[in-house]
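Undergrad: Counting in the working numbering, the sequence shown runs from 3 upward without gaps. Just so you know, even glycine gets a beta-carbon here, dropped at the ideal spot from N, CA and C. Just passing along the structure, written as C-alpha cells.
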Amino acid sequence: MPSAAWHDGASMNGPSLDTIVNLAKRRGIAFQSSEIYGGLRSTYDYGPLGVELKDNVKRAWWRAMVQLREDVVGLDASILMHPRVWEASGHVESFTDPLIECMNCHHRFRADHLPDPPVCPDCGNRQFTDARNFNLMFKTYAGPVEDAGALVWLRPETAQGIFVDFTQVLASSRKKIPFGIAQRGKSFRNEITPGNFIFRTREFEQMEMEYFVKPGTDEEAHQYWIDERFDWYLRLGIRREKLRLREHAADELSFYSKRTVDVEYEFPWGWAELEGIANRGDYDLSQHAKFSGQDLSYFDQESQERYVPYVIEPAAGADRCLLAFLVDAYREEEVTTASGKVERRTVLALHKDLAPYKAAVLPLSRHENLVPLAKEVASLLRPRFMIDYDDAGSIGRRYRRQDEIGTPYAVTVDFESLEDNAVTVRDRDTMAQDRIPIAELVAYLNERLVGT
Ligand SMILES: [Zn+2]
Numbered sequence: 003m004p005s006a007a008w009h010d011g012a013s014m015n016g017p018s019l020d021t022i023v024n025l026a027k028r029r030g031i032a033f034q035s036s037e038i039y040g041g042l043r044s045t046y047d048y049g050p051l052g053v054e055l056k057d058n059v060k061r062a063w064w065r066a067m068v069q070l071r072e073d074v075v076g077l078d079a080s081i082l083m084h085p086r087v088w089e090a091s092g093h094v095e096s097f098t099d100p101l102i103e104c105m106n107c108h109h110r111f112r113a114d115h116l117p118d119p120p121v122c123p124d125c126g127n128r129q130f131t132d133a134r135n136f137n138l139m140f141k142t143y144a145g146p147v148e149d150a151g152a153l154v155w156l157r158p159e160t161a162q163g164i165f166v167d168f169t170q171v172l173a174s175s176r177k178k179i180p181f182g183i184a185q186r187g188k189s190f191r192n193e194i195t196p197g198n199f200i201f202r203t204r205e206f207e208q209m210e211m212e213y214f215v216k217p218g219t220d221e222e223a224h225q226y227w228i229d230e231r232f233d234w235y236l237r238l239g240i241r242r243e244k245l246r247l248r249e250h251a252a253d254e255l256s257f258y259s260k261r262t263v264d265v266e267y268e269f270p271w272g273w274a275e276l277e278g279i280a281n282r283g284d285y286d287l288s289q290h291a292k293f294s295g296q297d298l299s300y301f302d303q304e305s306q307e308r309y310v311p312y313v314i315e316p317a318a319g320a321d322r323c324l325l326a327f328l329v330d331a332y333r334e335e336e337v338t339t340a341s342g343k344v345e346r347r348t349v350l351a352l353h354k355d356l357a358p359y360k361a362a363v364l365p366l367s368r369h370e371n372l373v374p375l376a377k378e379v380a381s382l383l384r385p386r387f388m389i390d391y392d393d394a395g396s397i398g399r400r401y402r403r404q405d406e407i408g409t410p411y412a413v414t415v416d417f418e419s420l421e422d423n424a425v426t427v428r429d430r431d432t433m434a435q436d437r438i439p440i441a442e443l444v445a446y447l448n449e450r451l452v453g454t
C-alpha cells in the first residue's frame, strides 16, 4: 500500500501551480497555444490526454445534468447570435470594466487593480487617462462588409442561447415546468487580466443549465441546485475540505438576482469560483420578450395560470473544473513495490470516470512471442475503453508513467500469459495485482469502470 508521504512538488496543501503546469505540458494535457510563434497570451491547447480529460469532465456533467434526469434536456446553440440578443441581455450596455490608459505606453488597466495614485506596472509612468468603460465582448463582422449592420459578437455566455430558444425547446420536447435546458460550449470574454493557467482565459468552455420554475417555488429549487451541484464535485472525488459554498453579498448581486451562491475550490493561489448558482428571477425571459416582441410566457395547465417562469442557473466552467480535478488528484507518494523496494511515485488519483485512459496494456518486454498476444489484448479492450499501449522501457517505469496520468488499470502480458491465457491487472491506487483470465478481462474492467 502507498504511504501518504509528501515531497517537494506537493505540500500537505497540495501541489504548486507550477507543478501542475509542468505536468500538463510534459504529458500533453494542456500547453501554451501557438508556442512556435511565441504563444498567444492566456490561450492554451489541450493535447491528446487533455482532450480526453476535458471530454470526460463535460460528459460527467452531462450525465448528471441530462442523462440521469427526466426534467432536463440538451441544446447546442450557435456562438454567433443576433446582435439584439446582447442588447436584451444587458451585455452591450453593462458587460464592461472601467479601464484607465497609460499616457506613455498606452497599455490599459483596471483602475481598481493599480495602486492609488496609479503607477503603470509596464513603464512606471504616472499619467493616465480618465476611466472609460471597456466592453468585454469580442466584436467581429459577419459577411464581407465591415459596417455596423454586420456587427456580431462572440457570445460571452452560453445561457442566452437557452433563453432565446426557450419556446422552441418547450414545444418540441413537450416538457412541463419545472424543467431545465442544459448546454455546453465555448464562450469568449476579452478579460483584461486573465491568468492562473487555464483558470481564467479569454476563450473558455462553459457548462450551463437554466432551470425554469413557477414563481414562488424558485427559492426551494435554488437551494436544491446548490446542494446538488456541490455534491457533484464530491461524487467525482474532490476532497470535502477543498470545497466550499460562498454566498454573494448584496452588493455583489446583479440587480435582477435574488440570490447567488458560488461553489469554490481551494486552488494553489487561494479560493476561487468553479461555478455560480443564481436565482435570476424572470429577468431574462422578460427582457427577450420585450426586445423580440414575442410572448415567452408559459401556460401552466395544472393551475390554469399564465406566467413568465423564474430561472435557476447553475453555471460552471469546464476548464477550471478540469484544473480543480487535476490539482486535487495530484499526489506524490513513497511506495513499496511488489519486490519490497521503496520508490517514489507521482499519481493522479482521478475519479475513474475522468481518467483519460481507463487501462494500459503493457507487454512485459518487446519479445517477439509476447507482442502478438499483447496486441490481441489491446484490440479486445479498445472498442470498449479508451486505452494506451506502451512497450517502451522497464515495466516499473511504465507503471510510473501510467500512474502519473491517472490510468486506473495496468494490464501486463507476460511469458506466463502464453501458457495460462491470463494477465496481471494492477490497480493504480492500491497497487494490488490480480491475475485475470483474458476471457474475463472485459467483464472485470466493466464491473470496475462502468456505472459509477
Ligand atoms: Zn505605461
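Taking only the alpha-carbon atoms, compute the straight-line gap between asparagine 448 and proline 439 and give it to the nearest angstrom.
TA: As a first step, residue 448 is located in the sequence shown; it is residue number 446 there, counting from the start. As a first step, residue 439 is located in the sequence shown; it is residue number 437 there, counting from the start. Their Cα atoms are separated by approximately 14 Å.
Undergrad: Answer with buried or exposed for methionine 3, where buried requires no fewer than 16 other C-beta atoms within 10 angstroms of its C-beta.
TA: By 1-based counting over the sequence shown, the position of residue 3 is 1. For methionine 3, the predicted model reports a pLDDT of 42, less than 50, meaning its position is unreliable and no value from the coordinates is stated.
Undergrad: Who's in the neighbourhood of ligand 1, going by beta-carbon under 5 Å from any heavy atom, listed in chain order?
TA: Cβ-based neighbours of ligand 1 within the cut-off: Cys104, Asn106, Cys107, Cys122, Asp124, Cys125, Asn127.
Undergrad: Among Gly76, Thr45, Val68, whose alpha-carbon lies nearest the alpha-carbon of serine 174?
TA: Reading the sequence shown from its first residue, position 172 is the one you call residue 174. Measuring from the Cα of serine 174, the nearest candidate turns out to be Gly76.
Undergrad: Are the region 385-396 and the region 343-356 touching by the rule of at least three beta carbon pairs closer than 8 Å?
TA: Taking 8 Å as the limit for Cβ pairs, the verdict is that the region 343-356 does not touch the region 385-396.
Undergrad: Rounded to whole angstroms, how far is the Cβ of glycine 408 from the Cβ of alanine 326, which I believe are closer than 8 Å?
TA: Position 406 of the sequence shown, counted from the first residue, corresponds to residue 408. Position 324 of the sequence shown, counted from the first residue, corresponds to residue 326. So it is not a contact: roughly 14 Å between Cβ atoms.
Undergrad: Please return the same chain residues whose Cβ sits closer than 8 Å to the Cβ of methionine 388, not counting the five positions on each side in sequence.
TA: Here residue 388 corresponds to residue number 386 of the sequence shown, with the count starting at 1. These residues qualify, in order along the chain: Glu54, Pro358, Tyr359, Lys360.
Undergrad: Are the CB atoms of glutamine 208 and glutamate 87 within a distance shorter than 7 Å?
TA: As a first step, residue 87 must be located in the sequence shown, where it is residue number 85. As a first step, residue 208 must be located in the sequence shown, where it is residue number 206. The sequence as given places valine at residue 87; glutamate does not occur at that position. No.
Undergrad: Specify the secondary structure class of threonine 339 as computed by DSSP and reduced to three states.
TA: The count along the sequence shown starts at 1 and reaches residue 339 at position 337. Correct three-state label for threonine 339: coil.
Undergrad: Buried or exposed: proline 123, going by 16 or more other Cβ atoms within 10 Å of its Cβ?
TA: Position 121 of the sequence shown, counted from the start, is the residue given in the question as residue 123. The residue is exposed, with fewer than 16 neighbouring Cβ atoms inside 10 Å.
Undergrad: Is the region 213-220 touching the region 177-188 in the sense that three or more CB pairs, one from each, lie closer than 8 Å?
TA: Enough Cβ pairs lie closer than 8 Å, so yes.
Undergrad: In this structure, what does DSSP give as the bridge partners for tyrosine 285?
TA: Numbered from 1 along the sequence shown, position 283 holds the residue referred to as residue 285. Looking at the DSSP assignment, tyrosine 285 forms no beta bridge with any residue, so it has no partner.
Undergrad: Could you pull the DSSP bridge partners for arginine 333 from this structure?
TA: Numbered from 1 along the sequence shown, position 331 holds the residue referred to as residue 333. Looking at the DSSP assignment, arginine 333 forms a beta bridge with Val349.
Undergrad: Helix or strand or just coil, what does DSSP make of valine 313?
TA: Here residue 313 refers to the residue found at position 311 when the sequence shown is read from its first residue. Looking at valine 313 - three-state DSSP - the assignment turns out to be strand.
Undergrad: Can you check DSSP and say which residues form a bridge with tyrosine 39?
TA: Here residue 39 refers to the residue found at position 37 of the sequence shown. In DSSP, tyrosine 39 forms no bridge with anything.
Undergrad: Taking the C-alpha atoms as reference points, what is the distance between isoleucine 44 and alanine 32?
TA: Here residue 44 refers to the residue found at position 42 of the sequence shown. Here residue 32 refers to the residue found at position 30 of the sequence shown. According to the sequence as given, residue 44 is serine; it is not isoleucine. Distance between the alpha carbons of serine 44 and alanine 32: 12 Å.
Undergrad: For phenylalanine 33, which residues does DSSP report across the bridge?
TA: Here residue 33 corresponds to residue number 31 of the sequence shown, with the count starting at 1. Answer is Asp47.
Undergrad: With 16 as the cutoff for other CB atoms within 10 Å, does isoleucine 38 come out buried or exposed?
TA: Position 36 of the sequence shown holds residue 38. Answer is exposed; the Cβ neighbour count stays below 16.
Undergrad: So what does DSSP say about arginine 65, is it helix, strand or coil?
TA: Sequence index remark: in the sequence shown, residue 65 carries index 63 (1-based). It is helical.
Undergrad: Can you tell me whether alanine 317 is buried or exposed? The criterion is at least 16 other CB atoms within 10 Å of its CB, across all chains shown.
TA: Counting from 1 along the sequence shown, the entry for residue 317 is found at position 315. So alanine 317 ends up on the buried side.
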